[in-house]
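Trainee: After the structure tokens below, expect a handful of questions from me.
Pasting the structure below:
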């Protein structure tokens, strides 16, 4: 949800757009991102605005971001 909607922020702060910005940058550049938290993983690829979300067999604590270029 954080890649598509504003999920946090308090007036007058302009917060909550970070992951949407990352998604936009990746779609326009030769970069890929694999992001996992818990048992959910999302893959973002260059040239695509699609969110490839999947459930993983192994859950992790915290989050992991793998950026390839």
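Numbering (UniProt numbering), first residue to last: 1 to 69.
By construction, the Cβ of each residue, glycine as well, lies at the ideal position given by its N, Cα and C atoms.
This structure is a prediction, so every number in the text was calculated from the model and none was measured.
How should residue 51 be labelled, buried or exposed, when 16 other C-beta atoms within 10 angstroms of its C-beta is the threshold for buried?
Mentor: The residue labelled residue 51 in the question sits at position 51 within the chain shown. So residue 51 counts as exposed.
Trainee: Given residue 30, which residues of its chain have a CB within under 7 Å of its CB, disregarding the five upstream and five downstream residues?
Mentor: Walking along the chain shown from the start, residue 30 turns up at place 30. Only 46 and 69 meet the Cβ criterion.
Trainee: Look up residue 24 in the DSSP assignment and say whether it is helix, strand or coil.
Mentor: For the purposes of this step, residue 24 is taken as residue 24 along the chain shown, with counting starting at 1. Three-state result, residue 24: helix.
Trainee: From the DSSP output, read off the bridge partner residues of residue 43.
Mentor: Your numbering for residue 43 matches position 43 in the chain shown. DSSP, once it has assigned bridges, lists 34 and 52 as partnering residue 43.
Trainee: Taking the straight line between their C-alpha atoms, what separation do you get for residue 34 and residue 67?
Mentor: Here residue 34 refers to the residue found at position 34 of the chain shown. Here residue 67 refers to the residue found at position 67 of the chain shown. The alpha-carbon atoms of residue 34 and residue 67 are separated by roughly 7 Å.
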